[in-house]
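Here is the structure we will look at, set down as structure tokens.
The structure is reproduced here in structure tokens:
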């Protein structure tokens, strides 16, 4: 019986190892073929050594950084991932140019030049304070007393191996400058434990809102201490929207602000965790519109017809082009406002970044939503 159980595990591990090897060969092999092979033997030899060492070191850096919690390894591995992804994407385009008879050395130089510019620009975009993206949304059931209510959406701050305490403070100040009525953090607050990222997350405690600040877990919380992050955010004065809701009222009109756990919560095995929309809305006034905070856009499949507006993050807008094409396979929206039956969905590109400290053609954002009543 034991051997029967072990065989599927061994098979899965073998398949996983094969997928990793193929991915590494493609990720590093395509840039190698485009950038190194067109040159003379000494350059080919040196370039091959560089790419081979990078490809061999990459999985170990990612394992040490993200499985063992070594921040230096995570910083190195993540940066290498970003650089090689940009080189891979533009090397593919370079191969297309070569098929169109473009000189191979010209293509190699062009790919290196474009990639260098994009990496430098991508780092700048990732490290700057997010720009404010303003959107007005009409909610048919919103009473006139709440017309003009402002909601700031933060998502995917991803405090991690790179110390971004000053960035966090400047981002919090940018939120406060908007004087919002409601602030929502849509999850993926950090990569790491509360003890590791406490200093970076501290400025979230300085954010103010006229009515309420609400926080839900993202999938990255379930890589570590989801409950500890919920408790920590509560200690900073945020409402932990852990499958629950609060009611905002002004001039006799009400708005339900609800939140659910990430879709990965149930598989985490943490007691009491798992996306439960029914529990989140239990006891909510039936005549009031519902604003739901759910980390992943695909959670709209469960909320269609049950909430008026869902706000999500998770996608990062693709973060590094052309990764958004892959995101679109998994999610119904990559960024911006979309309609799903009677339910509207706003997907934020997020404020921070995961992994590579770069954003290419996917700018970060602080989202300012202004809710409008049709009867105002």
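Residue numbers (full-length UniProt numbering): 1 to 376.
Note that beta-carbon positions come from the ideal geometry of N, C-alpha and C, so glycine has one too.
{"Check": "Only counting the same chain, and skipping five residues up and downstream in sequence, which positions put a Cβ closer than 6 Å to that of residue 367?", "Outcome": "133, 153 and 348"}
{"Check": "Who does residue 222 pair with in a DSSP beta bridge?", "Outcome": "None; residue 222 has no bridge partner."}
{"Check": "For residue 365, which of 126, 131, 63 and 15 has the nearest alpha-carbon?", "Outcome": "131"}
{"Check": "Is the number of C-beta pairs between the segment 180-197 and the segment 212-232 that are closer than 8 Å three or more?", "Outcome": "yes"}
{"Check": "Relative to the C-alpha of residue 330, which candidate in 232, 298, 234 and 38 has its C-alpha closest?", "Outcome": "298"}
{"Check": "Classify residue 166: buried if its beta carbon has 16 or more other beta carbons within 10 angstroms, exposed otherwise.", "Outcome": "exposed"}
{"Check": "For residue 109, which residues in the same chain have their Cβ closer than 6 Å to its Cβ, ignoring the five residues on either side in sequence?", "Outcome": "none"}
{"Check": "Rounded to whole angstroms, how far is the Cβ of residue 318 from the Cβ of residue 362, which I believe are closer than 8 Å?", "Outcome": "5 Å"}
{"Check": "With DSSP as the reference, label residue 349 as helix, strand or coil.", "Outcome": "coil"}
{"Check": "Less than 8 Å separating the beta-carbons of residue 264 and residue 303?", "Outcome": "no"}
{"Check": "Whole angstroms is fine: what's the gap from residue 229's alpha carbon to residue 221's?", "Outcome": "7 Å"}
{"Check": "Three or more C-beta pairs under 8 Å: does that hold for the segment 208-216 against the segment 157-164?", "Outcome": "no"}
{"Check": "DSSP three-state call for residue 316: helix, strand or coil?", "Outcome": "helix"}
{"Check": "Using only the alpha-carbon positions, how far apart do residue 93 and residue 325 sit?", "Outcome": "15 Å"}
{"Check": "Given residue 352, which residues of its chain have a CB within under 6 Å of its CB, disregarding the five upstream and five downstream residues?", "Outcome": "156, 157 and 158"}
{"Check": "Under the three-state reduction of DSSP, which class applies to residue 336: helix, strand or coil?", "Outcome": "strand"}
{"Check": "Any chance you could list the alpha helix (DSSP H) runs of at least 4 consecutive residues sitting entirely within the segment 55-128, in chain order?", "Outcome": "71-99 and 104-127"}
{"Check": "Please list the terminal residues of the continuous alpha helix (DSSP H) segment that includes residue 324.", "Outcome": "324-330"}
{"Check": "Where does residue 15 sit, in a helix, a strand or coil, going by DSSP?", "Outcome": "helix"}
{"Check": "Using the beta-carbon count (16 or more within 10 Å), is residue 1 buried or exposed?", "Outcome": "Annotation note: pLDDT 47 at residue 1 (below 50); position unreliable, coordinate value reported separately. So residue 1 ends up on the exposed side."}
{"Check": "Count Cβ pairs between the segment 119-126 and the segment 136-152 that sit closer than 8 Å; are there 3 or more?", "Outcome": "no"}
{"Check": "Taking the alpha carbon of residue 244 as the reference point, which residue from 176, 82, 271 and 214 has its own alpha carbon closest?", "Outcome": "214"}
{"Check": "With H, G and I counted as helix, E and B as strand and the rest as coil, what does DSSP make of residue 283?", "Outcome": "coil"}
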